[in-house]
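Numbering-wise (our numbering), the sequence shown opens with residue 313 and increments by one.
Just so you know, even glycine gets a beta-carbon here, dropped at the ideal spot from N, CA and C.
This one's a predicted model, so the numbers in the text were calculated from it and none came from an experiment.
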Amino acid sequence: MLSALIRGVLLLVLALAIVTAWGVAVTANVAHAYQLAGSSPWAHLFAAASAASDVFKAAAAFGFFYAISRYKWGAVAACAVVWVITTGWSVKSLVGFSSTLVTETQLIKSESLKTSQATRESIEKELFSS
């Protein structure tokens with residue numbers, strides 16, 4: 313009885329971890345799609361396609377194992393192709409979104425450093441000019 317309860321709790325924790333990781337991936341992919349689209353009128357379409365890509369990635373993984381259990385080799389191959397393509401898009405989105413965030417952070421720090429140096433120079437000028 314206890315082992316079934318522990319197994320159930322572990323499966324619940326695993327399911328929550330998978331859903332959380334999927335949610336983070338969807339969020340990053342949609343944000344990257346908006347970054348790619350910019351102010352394009354197609355921005356919402358790109359974001360929706362990116363989210364659909366994550367849905368297809370999850371469905372392809374389940375379909376892959378289901379098709380293996382039913383010995384449907386054509387379906388296994390189709391699911392594998394869909395999974396590889398959608399995972400490739402996710403990796404591209406991950407790299408693009410991360411690099412954009414790093415670049416923006418560096419720009420913000422650079423501007424902050426310039427501002428603080430200018431402020432320090434103006435304070436020193438005021439103090440030592442008298």
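Exercise for the section: Return the CA-CA distance between Lys-404 and Ser-422, expressed in angstroms with no decimal places. Expected result: Translated into the one-based positions of the sequence shown, residue 404 becomes position 92. Translated into the one-based positions of the sequence shown, residue 422 becomes position 110. Whole-angstrom Cα-Cα distance: 27 Å.
Exercise for the section: In the DSSP assignment, find the unbroken alpha helix (DSSP H) run with Ser-441 in it and report its ends. Expected result: Here residue 441 refers to the residue found at position 129 when the sequence shown is read from its first residue. Per DSSP, Ser-441 belongs to the alpha helix (DSSP H) from 385 to 441.
Exercise for the section: Select from Gln-347, Ser-402, Arg-319 the residue whose C-alpha is nearest the C-alpha of Val-336. Expected result: As a first step, residue 336 must be located in the sequence shown, where it is residue number 24. The shortest C-alpha separation from Val-336 is found at Ser-402.
Problem - Alpha carbon of Ala-373 to alpha carbon of Ala-379, nearest angstrom - result: Looking up residue 373 in the sequence shown gives position 61. Looking up residue 379 in the sequence shown gives position 67. Each residue's Cα considered, the two are about 10 Å apart.
Practice task
Excluding the 5 residues preceding and the 5 following Ala-355 in the sequence, name in chain order all residues of the same chain whose CB lies nearer than 8 Å to its CB.
Solution key: For the purposes of this step, residue 355 is identified with residue 43 of the sequence shown, where counting begins at 1. Closer than 8 Å at Cβ, skipping near neighbours: Ala-345, Tyr-346, Ala-349.
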